[in-house]
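A.B. asks: Here it is, the structure, as structure tokens.
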Amino acid sequence: MAGYFTEENSIEAVNGRMGKDINPRLAEVMACLIKHLHAFAQDIQLTQDEWNYGIEFLTRTGQMCSSERQEFILLSDALGFSMLVDAINNRRPARATENTVFGPFHVKGAPVRQMGDSINLDGKGESCLYEGRVIDLDGKPIEGARIDVWSDSAEGFYDVQQPGVQPRWNNRGIFVTRSDGAYRFAGIKPVSYPIPDDGPVGEMLGHLGRHPYRPAHMHYLVTAEGYQKLVTHIFVAGDAYLESDAVFGVKSSLIGVFERVVNGATLWRSPFDFVLARTAR
Ligand code: BEZ
Ligand code: FE
């Protein structure tokens, strides 16, 4: 027995209570969490008032959650924790396209559209042609890759943030590659927007002197049989928030080209090839 709890033995006192036959990974995760949590309180000499505020903050974070709003994911994103967990779990060969944060605005079951179709249903914003290929590490085209794309509107809101204002599935769609691996669709040139900041996370950003903005980006979820799932964005080069993204999602390899083309109603073109790494066999 570790003895009664003291300030000096706090970590052993708590971890020593774990049963012998519990899930070994759970035991490892919890022991490490307790070690770092207790060290945090010691390092910072946490006051009672500060911890009371912390509990009240986490309580409000939970209370803000609903089927439409996930304030805990937002907290994880704003603390850079989502990007860290993503990096740990998606180490890839250098040539493969990099992952970034998934975000809360993906919606399952978007319409599968014909190659070349537009995802922009409200006709607002500057039209942009997105095209390229889905290829493997050797540059070979991948057939049957599903490219699930979503972006904000010209006003900086996802359709799900404005039900009844934007058409359902506005700026969303799924495209499936044929044997040449090529994809092509029309959308808008996205705009930068603030993450939802009317809750505890927004309050935290305010206290920390941080703004809530994300640089403009198009979201991509690319999946293909036998390949690692790719969750990424292509960011608009030159955006004012590239170096201060509220959720730390920017990687230099994901800053895309948006070239002016002016071809009929199309004003921009954004070419990008997605390179997928195979899953371990
Ligand atoms: C997004 O890009 O949609 C997003 C990512 C993280 C937090 C909020 C929004
Ligand atoms: Fe986004």
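Residue numbers (the numbering used here): 15 to 295. A virtual CB, placed ideally from N, CA and C, is assigned to each residue, including glycine.
(1) Classify residue 107: buried if its beta carbon has 16 or more other beta carbons within 10 angstroms, exposed otherwise.
(2) Roughly how many angstroms separate the alpha carbons of residue 79 and residue 237, rounded to a whole number?
(3) Going by the beta-carbon positions, is the gap between residue 375 and residue 29 smaller than 7 Å?
(4) Got a sec, what are the start and stop residues for the beta strand (DSSP E) residue 156 sits in?
(5) With a CB to CB cut of under 7 Å and the five nearest residues on each side skipped, what residues in its chain are close to residue 255?
(6) For residue 51, count the other beta carbons within 10 Å of its own beta carbon; 16 or more makes it buried, fewer makes it exposed. Which is it?
(7) The beta strand (DSSP E) with residue 129 in it runs from where to where?
(8) Select from 241, 249 and 248 the residue whose C-alpha is nearest the C-alpha of residue 149.
(9) Please tell me whether, using a cut-off of 6 Å, the distance from the CB of residue 117 to the nearest non-hydrogen atom of the ligand FE is below it.
(10) My output table needs one value for residue 92: the three-state DSSP class, helix, strand or coil.
(11) Considering only C-alpha positions, which residue in the set 21, 193 and 198 is nearest to residue 187?
(12) Output needed for residue 280: all residues of its chain with C-beta closer than 8 Å, excluding positions within five of it in sequence on either side, in chain order.
(13) Would DSSP call residue 204 helix, strand or coil?
(14) Tell me which same chain residues have a C-beta within less than 8 Å of the C-beta of residue 114, skipping the five on either side of it?
(15) Once the 5 residues before and after residue 283 are set aside, which same chain residues still bring their CB inside 6 Å of it?
(16) Quick check: does the Cβ of residue 209 come within less than 6 Å of any heavy atom belonging to the ligand BEZ?
C.D. replies: Result, derived from the coordinates:
(1) Position 93 of the sequence shown, counted from the first residue, corresponds to residue 107. With fewer than 16 other Cβ atoms within 10 Å, it is exposed.
(2) Taking the sequence shown and counting its residues from 1, one reaches residue 79 at position 65. Taking the sequence shown and counting its residues from 1, one reaches residue 237 at position 223. Distance between the alpha carbons of residue 79 and residue 237: 29 Å.
(3) Residue 375 lies beyond the residue range present for the chain, which begins at 15 and ends at 295; the question has no answer from this structure.
(4) Against the sequence shown, residue 156 aligns to sequence position 142. Element bounds for residue 156: n/a, residue is neither H nor E.
(5) Position 241 of the sequence shown, counting from 1, holds the residue named residue 255. Cβ neighbours of residue 255 beyond the five flanking positions: 206, 227, 228 and 229.
(6) Residue 51 sits at position 37 when you count from the first residue of the sequence shown. Label assigned to residue 51: exposed.
(7) Within the sequence shown, residue 129 is the residue found at index 115, counting from 1. Segment: none, residue 129 is in no beta strand (DSSP E) and carries neither H nor E.
(8) In the sequence shown, counting from the first residue as 1, residue 149 sits at position 135. Nearest of 241, 249 and 248 to residue 149, Cα basis: 241.
(9) As a first step, residue 117 is located in the sequence shown; it is residue number 103 there, counting from the start. Indeed, a heavy atom of the ligand FE lies less than 6 Å from the Cβ.
(10) Within the sequence shown, residue 92 is the residue found at index 78, counting from 1. Looking at residue 92 - three-state DSSP - the assignment turns out to be helix.
(11) Taking the first residue of the sequence shown as 1, we reach residue 187 at position 173. Comparing Cα-Cα distances from residue 187 to each of 21, 193 and 198, the minimum goes to 198.
(12) As a working note, residue 280 is residue 266 in the sequence shown. Counting only Cβ-Cβ distances below 8 Å, and skipping sequence neighbours, we find 141, 142, 143 and 200.
(13) Locating residue 204 in the sequence shown gives position 190, counting from the first residue. Three-state DSSP puts residue 204 in coil, outside helix and strand.
(14) Taking the sequence shown and counting its residues from 1, the one referred to as residue 114 is at position 100. 97, 100, 245, 246, 247, 263, 264, 265 and 268.
(15) One-based indexing of the sequence shown puts residue 283 at position 269. 143, 273 and 275, listed in sequence order.
(16) Translated into the one-based positions of the sequence shown, residue 209 becomes position 195. The answer is yes for residue 209.
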